[in-house]
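S.K.: In this note's numbering, the protein residues as written are 4 to 266. Cβ coordinates follow ideal geometry from the N, Cα and C atoms, glycine included. So that we are looking at the same thing, I have put the structure below in structure tokens.
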């Protein structure tokens with residue numbers, strides 16, 4: 004299948020958004036932080052779903068799928084985790100770093116990789132068995148939201164990096180978040196064949212309106228810690244902004260700078 008440059012552009016925007024998001028998180032109340040954190044992980048997962056669309060896994064055993072995904076996703080996770088462990092060898096945080104790495108909690112941005120690994124394995128299993136991905140996407144979204152709301156209302160799961168039990172629990176809602184957006188990307192990929200230039204106008208309006216809603220009604224989003232201040236605002240704006248960005252990329256078709264970062 005020919006590589007679609009507009010998808011590389013979308014990945015490039017997502018990667019740059021992660022960078023700017025972490026820089027802006029020095030002041031988590033600023034508007035850039037609120038905007039970027041509302042979509043920079045969802046758009047990655049939507050793109051993952053789009054990349055899975057059209058691939059035939061019927062004749063590939065799940066064990067082979069797991070091996071392939073482990074090589075492409077978990078190998079980098081292990082390498083960079085070892086680098087961070089080595090970096091912290093003489094520091095006081097070595098025990099924490101090792102625990103987080105082993106429990107797939109990951110350090111900093113590395114949490115994304117094991118979540119993506121588990122989510123794609125589960126998703127491929129579902130599409131191999133001809134499951135209704137729209138329904139499953141909704142189910143995963145509900146599960147993720149309920150867990151996030153529960154975590155926000157109980158002292159039991161307040162963030163404490165030294166409690167090992169939480170490391171296992173946290174990956175569950177994050178995988179559900181990932182699966183819901185992967186399902187969305189997989190479902191809408193076919194419709195991007197009919198994108199017209201006029202859609203850019205609606206995409207820009209969608210991003211602008213979502214940005215305003217986030218500024219006014221949403222205080223914080225951090226999927227890594229399962230923090231979703233306003234679930235309704237998060238889901239609506241994350242989908243609108245992510246899809247709008249991808250529509251713009253599809254219409255533009257190519258941009259060497261964004262393609263470079265995406266690749």
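How about residue 46 and residue 13: are their beta carbons less than 9 Å apart?
M.R.: Result yes, Cβ atoms of residue 46 and residue 13 sit closer than 9 Å.
S.K.: Apart from the five residues on each side of it in sequence, which residues of its chain come closer than 7 Å, Cβ to Cβ, to residue 144?
M.R.: Here the set comprises 183, 238.
S.K.: Any idea if residue 218 is buried or exposed, counting beta-carbon neighbours within 10 angstroms, 16 or more meaning buried?
M.R.: Result: exposed.
S.K.: Which term fits residue 173, buried or exposed, when burial requires 16 or more other beta carbons within 10 angstroms of its beta carbon?
M.R.: Buried, by the Cβ-count rule.
S.K.: Can you tell me the Cα-Cα spacing of residue 185 and residue 84, whole angstroms?
M.R.: The alpha-carbon atoms of residue 185 and residue 84 are separated by roughly 25 Å.
S.K.: Taking one C-beta from the segment 57-71 and one from the segment 252-266 each time, how about it: are there three or more such pairs within less than 8 Å?
M.R.: No, the segment 57-71 is not in contact with the segment 252-266.
S.K.: Output the boundary residues of the alpha helix (DSSP H) element that contains residue 52.
M.R.: Per DSSP, residue 52 belongs to the alpha helix (DSSP H) from 34-55.
S.K.: Please work out which residues of its chain come closer than 7 Å, Cβ to Cβ, to residue 241, disregarding the five sequence neighbours upstream and downstream, and give them in chain order.
M.R.: If we look at residue 241 and ignore the five residues flanking it on each side, its Cβ neighbours are 41, 42, 45.
S.K.: Kindly list the residues whose CB is nearer than 6 Å to the CB of residue 221, restricted to its own chain and excluding five residues on each side of it in sequence; keep chain order.
M.R.: Result list for residue 221: 232, 233, 236, in chain order.
S.K.: In three-state terms, what does DSSP make of residue 127?
M.R.: Looking at residue 127 - three-state DSSP - the assignment turns out to be helix.
S.K.: Quick one: is residue 135 buried, meaning 16 or more other Cβ sit within 10 Å of its Cβ, or exposed?
M.R.: When all chains shown are included, residue 135 counts as exposed.
S.K.: Which residue or residues does DSSP assign as beta-bridge partners of residue 224?
M.R.: DSSP, once it has assigned bridges, lists 231 as partnering residue 224.
S.K.: Under the rule that 16 or more other beta-carbon atoms within 10 Å means buried, what is residue 79, buried or exposed?
M.R.: Flag for residue 79 reads exposed.
S.K.: Start and end of the alpha helix (DSSP H) containing residue 113?
M.R.: It is not in any alpha helix (DSSP H) - residue 113 carries neither H nor E in the DSSP assignment.
S.K.: Within 10 Å of its beta-carbon, does residue 133 have 16 or more other beta-carbons around it, so buried, or fewer, so exposed?
M.R.: Under this definition residue 133 is an exposed residue.
S.K.: With H, G and I counted as helix, E and B as strand and the rest as coil, what does DSSP make of residue 67?
M.R.: Residue 67: helix per DSSP, three-state reduction.
S.K.: Between the segment 195-214 and the segment 107-122, are three or more C-beta pairs nearer than 8 Å?
M.R.: The segment 195-214 is not in contact with the segment 107-122.
S.K.: The alpha helix (DSSP H) spanning residue 155 covers which residue range?
M.R.: Looking at the DSSP string, the run of the alpha helix (DSSP H) that includes residue 155 is 136-156.
S.K.: Take the Cβ of residue 8 as the centre, count every other Cβ of all protein chains shown within 10 Å, and call the residue buried at 16 or more, exposed below.
M.R.: So residue 8 ends up on the buried side.
S.K.: Smallest Cα separation from residue 175: which of 192, 148, 193?
M.R.: For residue 175, the nearest C-alpha among the options comes from 148.
S.K.: Run through DSSP, which three-state label would residue 11 get?
M.R.: In this structure, residue 11 counts as helix in the three-state DSSP scheme.
S.K.: Using only the alpha-carbon positions, how far apart do residue 140 and residue 187 sit?
M.R.: Spanning the two alpha carbons is a distance of roughly 7 Å.
S.K.: Of the residues 124, 87, 90, 22, which one's Cα is nearest the Cα of residue 51?
M.R.: It is 124 whose Cα lies nearest to the Cα of residue 51.
S.K.: Cβ of residue 10 within 9 Å of Cβ of residue 249?
M.R.: Yes, they are a contact pair.
S.K.: Ordered along the chain, which non-local residues of its own chain (more than five positions away) have a Cβ less than 7 Å from that of residue 82?
M.R.: There are no such residues.
S.K.: Using beta-carbon positions only, say whether residue 180 and residue 127 come within less than 9 Å of one another.
M.R.: Going by C-beta atoms, residue 180 is not nearer than 9 Å to residue 127.
S.K.: Return the CA-CA distance between residue 20 and residue 206, expressed in angstroms with no decimal places.
M.R.: Answer to the nearest angstrom: the Cα atoms are 18 Å apart.
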